[in-house]
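Student:
Protein chains in written order, with the working numbering: chain A, 113 to 568; chain B, 113 to 568.
1. May I have the straight-line CA-CA distance separating residue 315/A from residue 211/A, to the nearest angstrom?
2. Is the Cβ of residue 552/A closer than 8 Å to any Cβ of chain B?
3. By alpha-carbon positions, which one of 477/A, 151/A, 437/A, 469/A ends up nearest to residue 447/A?
4. Please list the partners that residue 414/B has in chain A, where partner means a Cβ-to-Cβ separation under 8 Å.
5. Ignoring anything shorter than 4 residues or poking outside the stretch 219-291 of chain A, list the alpha helix (DSSP H) runs there in chain order.
6. Using DSSP with H/G/I as helix, E/B as strand and the rest coil, what is residue 198/A?
7. Where do the ends of the beta strand (DSSP E) carrying residue 504/B lie?
8. Less than 8 Å between the C-beta atoms of residue 197/B and residue 236/B, yes or no?
9. Name the DSSP bridge partner or partners of residue 311/B?
10. Taking CB distances under 8 Å as the criterion, tell me whether residue 459/B reaches chain A.
11. Classify residue 158/B as helix, strand or coil using the three-state DSSP reduction.
12. Grab me the residues of residue 498/B's own chain with a C-beta within less than 6 Å of its C-beta, minus the 5 sequence neighbours each way, in chain order.
13. My guess is that residue 231/B and residue 543/B are in contact by the Cβ rule of under 8 Å, so how many angstroms apart are they, rounded?
14. Identify, in the order they occur along the chain, each residue of the same chain with its Cβ nearer than 8 Å to the Cβ of residue 187/B, setting aside the five sequence neighbours on each side.
15. What are the partner residues of residue 319/A, as DSSP defines its beta bridges?
16. Among all the DSSP beta bridges, which residues are the ones paired with residue 526/A?
17. If residue 532/B sits next to residue 306/B, beta carbons under 8 Å apart, how far is it from one beta carbon to the other, in whole angstroms?
18. Please classify residue 410/A as buried or exposed, where buried requires at least 16 neighbouring CB atoms within 10 angstroms.
19. Between the stretch 293-302 of chain B and the stretch 397-407 of chain B, can you find at least three pairs of beta-carbon atoms closer than 8 Å?
20. Taking just the CA atoms, how far does residue 131/B sit from residue 225/B?
21. Whole angstroms is fine: what's the gap from residue 529/A's alpha carbon to residue 161/A's?
22. List the residues of chain B whose Cβ lies closer than 8 Å to the Cβ of residue 396/A, in chain order.
23. Determine, using beta carbons only, whether residue 418/A and residue 436/B come nearer to each other than 8 Å.
24. Anything in chain B within Cβ reach of residue 410/A, meaning under 7 Å, just list it in chain order.
25. Going by DSSP, which residues form a beta bridge with residue 325/A?
26. Taking CB distances under 8 Å as the criterion, tell me whether residue 334/B reaches chain A.
27. Looking only at its chain, what residues have a beta carbon closer than 8 Å to the beta carbon of residue 550/A, apart from the 5 residues adjacent to it on each side?
28. Of all the alpha helix (DSSP H) runs that stay within the bounds of the stretch 354-379 of chain A, which reach a length of 4 or more residues?
29. Within this structure, are the beta carbons of residue 339/A and residue 317/A separated by less than 8 Å?
30. Decide yes or no for the touch test of the stretch 173-187 of chain B against the stretch 265-274 of chain B: beta carbon pairs closer than 8 Å, at least 3 of them.
31. Can you name the residues of chain A whose CB is closer than 7 Å to the CB of residue 466/B?
32. Tell me whether residue 150/B sits in a helix, a strand or coil according to DSSP, three-state version.
33. Can you name the start and end residues of the alpha helix (DSSP H) that residue 129/A belongs to?
34. Which residues in chain B have a C-beta closer than 8 Å to the C-beta of residue 312/A? List them in chain order.
35. Answer with yes or no whether the minimum CB distance from residue 316/A to chain B is below 8 Å.
36. Give me the chain A residues within the contact set of residue 319/B, using Cβ-Cβ distance strictly less than 7 Å, ordered along the chain.
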């Protein structure tokens with residue numbers, strides 16, 4: 113049966129690219145209120161694909177963007193897997209930095225360039241196409257497969273928790289499988305077993321009621337721009353350690369076994385640096401690049417704005433400035449505790465003469481899964497079959513808020529199967545997904561359902 | 113003769129308001145390349161007013177926006193005064209903060225609201241209308257009056273120095289008079305005898321070649337946003353003193369006489385704070401608000417930008433951030449020396465892993481004039497006649513790059529006659545100029561020419 117499924121996938125290889133392009137043309141930016149309609153449209157696109165191949169699927173409304181839920185129905189003696197993914201995408205950022213428009217998918221050198229190509233439309237599509245292939249080639253699936261494809265991942269999934277709690281029974285599964293992580297390198301697929309958590313804050317400082325002439329008023333009031341810099345600068349020391357009291361208290365250190373495995377990975381530091389295009393690899397003192405990336409908490413400015421931001425000079429004291437800053441946290445750190453410690457610290461650091469407002473954009477825990485479960489073994493076998501090479505087990509610096517939530521509500525561990533390139537420019541300009549990875553990913557997703565049916 | 117002139121001004125009071133509105137409708141933002149044509153148009157407006165009343169005037173081209181020059185011709189036994197002003201304006205900033213559009217002049221409660229109303233179109237117009245009144249009421253002027261009205265004051269007058277050097281002989285004068293400073297308060301006119309200088313810099317930090325996913329890359333490279341905050345924070349200490357080595361070395365302290373005069377001014381701290389709308393009056397330790405404002409050097413952030421600046425959250429590490437920062441310097445500080453010290457300091461403060469570019473937008477020395485010259489006495493008498501109250505002598509935190517230049521090239525001291533309100537919102541939203549101040553200012557400008565003719 114699996115041979116027929118794979119053969120169907122191989123025969124429809126080119127058609128799959130066209131369908132990905134259709135999906136990518138929908139500008140489903142979930143953070144942008146003006147894109148509300150487009151975001152829904154991307155969800156409806158997923159619904160139609162599933163419905164068209166005979167899978168029972170439906171739209172589940174939330175307070176924000178809707179979820180697509182599907183269920184292929186029970187299969188005797190086989191486990192149930194919930195495929196999770198998201199159809200929403202990040203904002204484009206400065207569009208002038210894109211070589212081709214972010215919502216006009218363009219193939220160059222075997223890669224498809226568009227916002228959402230890797231994160232997550234291209235990757236989620238592999239699972240949809242695999243299910244379709246099983247349905248079309250054989251009329252049924254080897255396991256019970258449920259789909260939960262949401263539209264608010266890029267804004268921290270604010271409405272998913274109540275939905276999952278409410279639909280607990282319908283979502284019941286042994287494993288969650290998802291593809292929203294990268295391969296290890298061009299030729300090596302990867303299973304990601306741990307992610308960082310996220311606490312994303314924004315500090316807004318206001319001083320005078322409006323921008324003031326810096327000559328007429330300078331020296332007589334606290335400048336919100338200077339104050340913001342003073343606060344942010346004090347959050348890290350010269351060794352790039354975060355100075356928030358208690359920040360590292362609950363950090364779960366890497367085991368010796370994990371550290372050994374990380375050291376053995378053929379990590380190409382030079383290639384990594386070149387892909388980033390930064391002058392040097394720098395970070396928290398005492399840890400390797402991979403350790404800092406996957407297993408150490410961080411604090412980063414994500415954006416800053418205020419005062420005169422145009423070309424040239426305007427001599428104003430800004431009425432208001434804002435700094436967006438986020439912390440990536442690791443297993444065992446409590447996001448609520450970190451959030452509170454952050455707020456207390458910046459309040460203490462805030463100089464007199466400005467008012468501070470603190471926004472919380474999202475916060476979520478880290479996650480780590482056992483690497484020796486039957487599901488993990490099935491995923492490893494599927495990747496070997498799909499890509500022709502055994503995967504490595506890695507961790508990830510990014511955040512998937514859904515993972516700790518699934519564990520808590522459904523009792524299910526998550527299996528993260530990575531198909532995209534590590535330097536795929538997710539969240540930056542010129543995001544891309546390889547056409548080979550689309551194809552091999554779809555084959556892997558199909559093999560996974562076959563292997564999982566037999567896994568014990 | 114002066115009676116006839118004043119009577120002419122009084123009769124044409126309403127017409128003067130209409131003419132100011134015409135002038136203000138021209139969006140002559142000199143820093144904006146798209147407003148190049150409009151900026152020139154404002155210069156031509158000035159030219160036409162002078163030419164129409166029989167004064168010989170001409171456009172002098174520069175590499176940037178042109179200057180308007182006029183000369184009423186020699187008057188036996190009377191001194192020559194050069195009236196300096198500018199027809200260009202600041203950018204509008206966020207237009208949503210304006211109660212009426214910045215280039216649709218609107219009168220509310222006896223004040224005209226528009227960008228450039230106080231700085232400097234409304235004020236420069238008083239001198240143009242005074243000259244017109246002398247010409248129309250008497251056919252000639254009491255002194256030889258030259259006009260130099262430029263279009264690049266708001267961008268630091270980059271092309272004025274070569275022009276003045278070149279036209280030294282044609283510009284020759286005993287005094288320069290200008291109105292680009294405020295009154296002391298609503299009812300008290302002022303003569304400003306000192307201004308601060310300006311060194312305006314922009315630091316641009318670049319890290320990775322493009323915005324990166326803060327999860328996938330965080331912790332492995334220097335974040336330009338964090339780096340920028342670290343640098344800016346280190347430029348001032350907790351007492352709000354600038355930490356750049358040598359920064360205060362050449363500062364000319366206030367004399368005991370000046371300090372006494374400042375203390376005696378009926379400065380309304382509470383009103384000043386309310387006008388700013390800031391939570392508190394704060395600044396360099398050990399100095400009064402007025403001392404900090406007029407006689408102590410400052411360092412202020414004017415603008416900051418980089419990374420994700422939209423509403424909500426995007427988890428990027430910014431590829432590039434910029435901070436605009438300017439220093440106001442005081443008499444005897446050398447702008448070149450301060451500029452160099454700033455650059456050396458920020459280079460030393462820049463952490464590894466980012467590239468720093470430093471831009472210089474403008475730099476210029478401070479200025480202080482003697483307060484006991486015949487010209488100053490004529491100005492004081494004119495203000496008393498025009499406003500019905502003797503002026504106070506004050507200093508100013510703003511910068512007029514032209515003043516040290518006139519002193520050096522023409523040997524002439526400058527007399528700054530202030531007609532606008534101290535809280536006129538120059539450079540901010542809702543800039544305004546009082547209609548009474550337009551009228552009394554025009555009367556003062558006319559009296560000044562009469563008094564100056566007799567001053568010894």
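Every residue gets a Cβ at the ideal spot worked out from N, C-alpha and C, and that includes glycine.
Tutor: From the atom records:
1. 33 Å
2. no
3. 477/A
4. 326, 337, 419, 420, 425, 426, 427, 428, 429, 430
5. 234-250, 272-278, 280-283
6. strand
7. 504-508
8. yes
9. 439/B, 475/B
10. no
11. helix
12. 552, 555, 556, 559
13. 7 Å
14. 252, 253, 254, 255, 256, 565
15. Answer is none; residue 319/A lacks a bridge partner.
16. 288/A
17. Incorrect: roughly 18 Å between the Cβ atoms, too far for contact.
18. buried
19. no
20. 14 Å
21. 22 Å
22. 331
23. no
24. 330, 331
25. 428/A
26. yes
27. 128, 129, 132, 224, 234, 237, 238, 531
28. 368-376
29. yes
30. yes
31. 391
32. helix
33. 125-136
34. 425, 427
35. no
36. 390
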